[in-house]
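Read the structure below first, then the notes.
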Amino acid sequence: MDDKTRALLGDHEATKLAHLSLFSGIGGLDLAAQWAGFTTVGQCEWADYPTKVLEKHWPDVPRWRDIRTLTGESFYEKTGMRTVDVISGGFPCQPRGKEDDRYLWPEMLRVISELRPAWVVGENVAGIVNMALDQVYSDLESIGYAVQAFIIPACAVDAPHRR
C-alpha cells in the first residue's frame, strides 16, 4: 500500500482489506464488508437518496455518481490505489434485459477488468439466473475469474418473507 493510501486510511485502517462498492444503494454490502473487517475505499451510486445515506455513514469515502466515470485512472486519482481486494455490486438487471440502457453489467465488468481485484461479489435477484447469469459467468471467466453462484433465500437469514 502506498503512502497516499496509508495517509487516506490511517495506520489502523491501512492493514484492512480494501473494498470497492458498485451500485452501492444505501450501503448494505458496504456494512457487511465493514463487519467482515474490510475498509470500503470507494462507492458508486447514482440515486440521490441512497447517496445521502452513504455520505452520512461513510463521509470520507470517495464516491462516483455514474459507473461510466469510474475508471482505473479516476480510482487512482481519488484513492491513490491501483486495485482493491474485493469489488462488490448489486448491478441492475432490468426486465428488458441487455437492450435496456439501465443494463449496466458491462460497466461493472469494465471496472473489474481495469482494477483486477482478487474477489468479486455480485448481488442480484433470483431472476438473473434465467436472464443474464450465463453472460455474467462467461464474461468473468473470459478475464480469468473462477465463478460460483449461490441463491440465498430470505428464510436463510431468518427473514419472515419470501423473496
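Everything in the sequence shown is counted per the working numbering, starting at 47 for the first residue and increasing by one. Ideal Cβ placement from N, Cα and C applies to all residues, glycine included. All of these numbers come straight from a predicted model, not from anything done at the bench.
Asked                                                                                                                                                                      : Found
Within the same chain, show all residues whose beta-carbon is closer than 8 Å to that of Ile197, passing over the 5 residues directly before and after it, in chain order. : Ala172 and Val175
Considering only DSSP beta bridges, list what Leu63 is partnered with.                                                                                                     : Phe84
Measure the CB-CB distance between Pro108 and Lys124 and report whether it falls below 7 Å.                                                                                : yes
Cutting at 6 Å between CB atoms, please list the residues of its own chain near Trp72, excluding the five before and the five after it.                                    : In the sequence as presented, Trp is not what sits at residue 72; that position holds Ile. The residues are Pro96 and Val99.
Taking the beta carbon of Ala195 as the centre, do at least 16 other beta carbons fall within 10 Å, making it buried, or is it exposed?                                    : exposed
Could you spell out the range, first to last residue, of the beta strand (DSSP E) harbouring Ser134?                                                                       : Val132 to Gly135
Alpha carbons only, please: which of Pro163, Gly118, Asp76 and Pro152 is nearest the one belonging to Pro105?                                                              : Asp76
Assign Ser70 to one of two classes, buried (16 or more other C-beta atoms within 10 Å of its C-beta) or exposed (fewer than that).                                         : buried
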